[in-house]
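Chemist:
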Amino acid sequence: MHFTLICNKISWEEKEIIKAARKRNIEYDIILNHDLVLDLEKEHFDTDIFLQRSLSYFRGLYINAILENQGYRVINSFHCAQICGNKLLTTLELVKNKIPTPKAYCAFTKKGALEALENLGYPAVIKPIVGSWGRLVALLKDRDFAVAVLEDRETLGQLYHKIFYLQKYIWKPARDISEFVSTRDEPPRDIRVLTIGNEVITAMYRYEIKDDWRSTATLGARSKPCKVTPEMEKIALKAAKIVDGEILGLDLMETDNGYLIQEINHTSGFKAASWTTGTDIAGRIIEYLIKECKK
Amino acid sequence: MTKKGTCPSCYFEIEVNDDVILGEILECPDCSSELEIIEIKNDEVVFQIAEEVEDDWGE
Ligand SMILES: Nc1ncnc2c1ncn2[C@@H]1O[C@H](COP(=O)(O)OP(=O)(O)OP(=O)(O)O)[C@@H](O)[C@H]1O
Ligand SMILES: [Zn+2]
Numbered sequence: 001m002h003f004t005l006i007c008n009k010i011s012w013e014e015k016e017i018i019k020a021a022r023k024r025n026i027e028y029d030i031i032l033n034h035d036l037v038l039d040l041e042k043e044h045f046d047t048d049i050f051l052q053r054s055l056s057y058f059r060g061l062y063i064n065a066i067l068e069n070q071g072y073r074v075i076n077s078f079h080c081a082q083i084c085g086n087k088l089l090t091t092l093e094l095v096k097n098k099i100p101t102p103k104a105y106c107a108f109t110k111k112g113a114l115e116a117l118e119n120l121g122y123p124a125v126i127k128p129i130v131g132s133w134g135r136l137v138a139l140l141k142d143r144d145f146a147v148a149v150l151e152d153r154e155t156l157g158q159l160y161h162k163i164f165y166l167q168k169y170i171w172k173p174a175r176d177i178s179e180f181v182s183t184r185d186e187p188p189r190d191i192r193v194l195t196i197g198n199e200v201i202t203a204m205y206r207y208e209i210k211d212d213w214r215s216t217a218t219l220g221a222r223s224k225p226c227k228v229t230p231e232m233e234k235i236a237l238k239a240a241k242i243v244d245g246e247i248l249g250l251d252l253m254e255t256d257n258g259y260l261i262q263e264i265n266h267t268s269g270f271k272a273a274s275w276t277t278g279t280d281i282a283g284r285i286i287e288y289l290i291k292e293c294k295k
Numbered sequence: 001m002t003k004k005g006t007c008p009s010c011y012f013e014i015e016v017n018d019d020v021i022l023g024e025i026l027e028c029p030d031c032s033s034e035l036e037i038i039e040i041k042n043d044e045v046v047f048q049i050a051e052e053v054e055d056d057w058g059e
């Protein structure tokens with residue numbers, strides 16, 4: 001079997017995947033997406049399967065579209081990337097399939113967004129529909145603050161920053177009401193679950209960063225291993241299935257009424273999860289590719 | 001064994017391990033520029049300034 005890894009650059013995850021492939025004597029090629037030129041009619045690749053790990057959402061998406069159109073098998077698929085890379089489309093898919101997720105609105109102007117925020121109540125969260133690593137994800141504590149953020153985005157934002165995606169703020173456990181920034185030892189947390197195929201392979205708690213309200217690993221959130229409960233497994237695998245996801249990182253939040261799916265990552269980083277839980281995630285990915293190629 | 005290359009930003013001579021991979025990113029120890037390895041020869045590597053993170057980058 002031969003696979004082709006597509007990525008922006010070789011980061012820790014890509015190196016681990018390459019190591020895992022070498023260990024198993026699996027042949028591979030690496031395509032760096034910035035150098036790629038693709039004939040939209042026919043490209044010849046001597047490979048069994050593509051592993052799409054582009055950091056750049058739009059590059060990855062269109063590469064998938066082109067490859068799949070020519071009959072190549074790509075993990076994760078175009079369909080999966082299209083939904084997971086877009087927070088609005090993810091919410092729609094989750095709502096359609098009755099998977100609990102934070103309530104959200106979409107608006108296109110400041111006026112519309114303020115109306116949506118009245119419905120949601122403050123605090124609320126605004127996010128770009130495309131983007132990651134907590135970038136431009138803002139906590140809107142009151143109307144004045146919301147006006148400032150919305151005006152900034154209306155004047156300075158990219159085209160898709162003007163599609164306002166507004167979400168209900170979820171009070172995580174261990175949070176003091178009215179205190180957004182925790183100073184405790186065990187700060188508020190959320191859960192990152194990793195799935196491969198039809199299986200949850202590991203999970204970890206991610207703790208809010210000191211003096212921040214977010215728990216994004218790339219921003220420096222601490223993490224701890226998390227025991228996978230049957231409910232966690234059920235919601236994660238159901239969500240993975242509806243988005244056609246084969247290798248995913250799902251973000252769950254805990255509430256008094258059970259888990260919510262907060263977002264689904266289709267090119268999930270796994271450095272923190274590997275180190276925290278000791279799971280050989282790169283090895284599991286390669287094993288999955290091998291299995292899929294035998295089908 | 002190591003290989004050598006020059007930082008395109010500050011001309012510092014950087015040594016890297018022999019097992020580097022095309023597309024690998026490292027930081028110039030002198031000027032902190034993010035560099036991408038774009039060519040690997042016998043005992044030499046070629047760097048270019050890595051791409052800037054764009055708004056649509058993420059996981
Ligand atoms: N509705 C919400 N209520 C409370 N906290 C939230 C909410 N949405 C996001 N957060 C917090 O903000 C962080 C970043 O949000 P989100 O995951 O949507 O953005 P992202 O840019 O995709 O980041 P990541 O790379 O962590 O996935 C989350 O890790 C979570 O801790
Ligand atoms: Zn330099």
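Protein sequence lines, in the order shown, are assigned to chains V and F. This note's numbering puts the first residue of the first sequence at 1, with every later residue one more than the last. This note's numbering puts the first residue of the second sequence at 1, with every later residue one more than the last. We put the beta carbon where it would ideally sit given N, CA and C, even for glycine.
#1: Within 10 angstroms of the Cβ of residue 270 of chain V, are there 16 or more other Cβ atoms? Answer buried if so, exposed if not.
#2: Among V/32, V/131 and V/88, which residue has its Cα nearest to the Cα of residue 58 of chain F?
#3: For a cutoff of 8 angstroms on Cβ pairs, would you count residue 127 of chain V as touching chain F?
#4: Using CA coordinates, which residue listed in V/240, V/99, V/39 and V/282 is at the minimum distance from residue 197 of chain V?
#5: Counting C-beta neighbours from all protein chains within 10 Å, is the total for residue 296 of chain V 16 or more, i.e. buried, or is it exposed?
#6: Does the distance between the C-beta of residue 132 of chain V and the nearest non-hydrogen atom of ligand 2 fall short of 7 angstroms?
#7: CB-CB under 8 angstroms to residue 285 of chain V, same chain, minus the five flanking residues each way: which ones, in chain order?
#8: Does the distance from the CB of residue 293 of chain V to the CB of residue 129 of chain V come in under 8 angstroms?
#9: Pick helix, strand or coil for residue 192 of chain V, following the three-state DSSP scheme.
#10: Is residue 36 of chain F close to chain V, meaning its C-beta is less than 8 angstroms from at least one C-beta of that chain?
#11: Quick one, are the C-beta atoms of residue 2 of chain F and residue 15 of chain F less than 8 angstroms apart?
#12: List, in chain order, every chain V residue whose beta-carbon is nearer than 8 angstroms to that of residue 5 of chain F.
#13: Can you have a look at residue 48 of chain F and say buried or exposed, based on whether 16 or more other CB atoms are within 10 angstroms of its CB?
#14: Just mark residue 173 of chain V as buried or exposed, buried being the case when its beta carbon has 16 or more other beta carbons within 10 Å.
#15: Taking Cβ to Cβ, would you say residue 154 of chain V is nearer than 8 angstroms to residue 162 of chain V?
#16: Using a threshold of 8 angstroms, state whether the C-beta atoms of residue 231 of chain V and residue 205 of chain V are closer than that.
#17: Got a sec, what are the start and stop residues for the beta strand (DSSP E) residue 29 of chain V sits in?
#18: Helix, strand or coil: which one does DSSP assign to residue 206 of chain V?
#19: Under 8 angstroms, with one C-beta from each stretch per pair, do the stretch 99-107 of chain V and the stretch 157-171 of chain V reach the 3-pair mark?
#20: How about residue 149 of chain V and residue 126 of chain V: do their beta carbons lie closer than 8 angstroms?
#21: Any residues in the stretch 261-278 of chain V with a beta carbon nearer than 7 angstroms to a beta carbon of chain F? Which ones, in chain order?
#22: Under 8 angstroms between C-beta atoms, does residue 228 of chain V make it to chain F?
#23: When burial is assigned at 16 or more other CB atoms within 10 Å of the CB, is residue 44 of chain V buried or exposed?
#24: Residues in the same chain with beta-carbon distance under 6 angstroms from residue 224 of chain V, minus the five sequence neighbours each way, listed in chain order, please.
#25: May I ask which residues mark the beginning and end of the beta strand (DSSP E) holding residue 46 of chain F?
#26: Could you tell me whether the Cβ of residue 14 of chain F comes closer than 8 angstroms to any Cβ of chain V?
#27: What in chain V is Cβ-close to residue 24 of chain F, meaning under 9 angstroms?
#28: Mapping DSSP to helix, strand and coil, what is residue 281 of chain V?
#29: Under DSSP, the alpha helix (DSSP H) around residue 125 of chain V begins and ends at which residues?
#30: Using three-state DSSP, classify residue 254 of chain V as helix, strand or coil.
#31: When you compare the CB of residue 55 of chain V with every CB in chain F, is at least one pair closer than 8 angstroms?
#32: Taking Cβ-Cβ distances below 8 angstroms as the criterion, which residues of the stretch 16-41 of chain V are in contact with chain F?
#33: Going by Cα to Cα distance, which pick from V/113, V/75, V/188 and V/191 is closest to residue 140 of chain V?
#34: At a CB distance below 9 angstroms, what residues from the stretch 128-147 of chain V approach chain F? Give them in sequence order.
#35: Kindly indicate if chain F contains any beta-carbon less than 8 angstroms away from that of residue 158 of chain V.
#36: Interface residues of chain F around residue 58 of chain V at Cβ under 7 angstroms?
Modeler: Based on what the coordinates show:
#1: A residue is called buried once 16 or more other Cβ atoms fall within 10 Å of its Cβ, and residue 270 of chain V is buried on that count.
#2: With distances taken between CA atoms, residue 58 of chain F lies nearest to V/131 out of V/32, V/131 and V/88.
#3: It does not: the Cβ of residue 127 of chain V has no partner Cβ on chain F nearer than 8 angstroms.
#4: For the residues V/240, V/99, V/39 and V/282, the minimum Cα distance to residue 197 of chain V belongs to V/240.
#5: Residue coverage of chain V in this structure runs from 1 to 295, which leaves residue 296 of chain V outside it and unanswerable.
#6: It does not: the Cβ of residue 132 of chain V is nowhere closer than 7 angstroms to a heavy atom of ligand 2.
#7: Spatial neighbours of residue 285 of chain V in its own chain (CB-CB distance under 8 angstroms, excluding positions within 5 residues in sequence) are listed in chain order as 17, 20, 51, 196 and 247.
#8: Not closer than 8 angstroms, so no.
#9: Note: residue 192 of chain V maps to strand in three-state DSSP.
#10: Yes, because at least one Cβ of chain V sits closer than 8 angstroms to the Cβ of residue 36 of chain F.
#11: Residue 15 of chain F sits close to residue 2 of chain F, with the two beta carbons spaced by under 8 angstroms.
#12: Per Cβ cutoff of 8 angstroms: no residues; residue 5 of chain F is ~15 angstroms from chain V at best.
#13: When all chains shown are included, residue 48 of chain F counts as exposed.
#14: Result: exposed.
#15: Less than 8 angstroms divides the Cβ of residue 154 of chain V from the Cβ of residue 162 of chain V.
#16: The answer is no: Cβ separation not under 8 angstroms.
#17: Residues 27-32.
#18: In this structure, residue 206 of chain V counts as strand in the three-state DSSP scheme.
#19: In the pairwise beta carbon analysis, the stretch 99-107 of chain V is classified as touching the stretch 157-171 of chain V: at least three pairs are separated by under 8 angstroms.
#20: Yes; because the gap between Cβ atoms is below 8 angstroms, this pair is in contact.
#21: Listed by position, the residues of the stretch 261-278 of chain V near chain F (Cβ gap below 7 angstroms) are 265, 267, 268 and 269.
#22: At a cut-off of 8 angstroms between C-beta atoms, residue 228 of chain V does not count as an interface residue with respect to chain F.
#23: Sixteen is the threshold: since fewer than 16 other Cβ atoms of the shown chains lie within 10 Å of the Cβ of residue 44 of chain V, the residue is exposed.
#24: If we look at residue 224 of chain V and ignore the five residues flanking it on each side, its Cβ neighbours are 205.
#25: If you look at residue 46 of chain F, you'll find it in the beta strand (DSSP E) that goes 45-49.
#26: Chain V, which has no Cβ nearer than 8 angstroms to the Cβ of residue 14 of chain F, makes this no.
#27: Close to residue 24 of chain F, with beta-carbon spacing below 9 angstroms, are these residues of chain V in chain order: 9, 10, 11, 14 and 15.
#28: Helix at residue 281 of chain V.
#29: Not the alpha helix (DSSP H): residue 125 of chain V falls in the beta strand (DSSP E), residues 124-127.
#30: The answer is strand: DSSP assigns residue 254 of chain V an E or B state.
#31: Yes, residue 55 of chain V counts as interfacial toward chain F.
#32: Taking 8 angstroms as the Cβ-Cβ cut-off against chain F, the residues of the stretch 16-41 of chain V that qualify are 18, 30, 32 and 34.
#33: Looking at the Cα atoms, V/113 is the closest of the given residues.
#34: Across the stretch 128-147 of chain V, CB contacts with chain F closer than 9 angstroms involve 128, 130, 131, 132, 133, 135 and 136, in sequence order along the chain.
#35: With 8 angstroms as the cut-off, residue 158 of chain V counts as an interface residue toward chain F.
#36: What residue 58 of chain V touches in chain F: 56.
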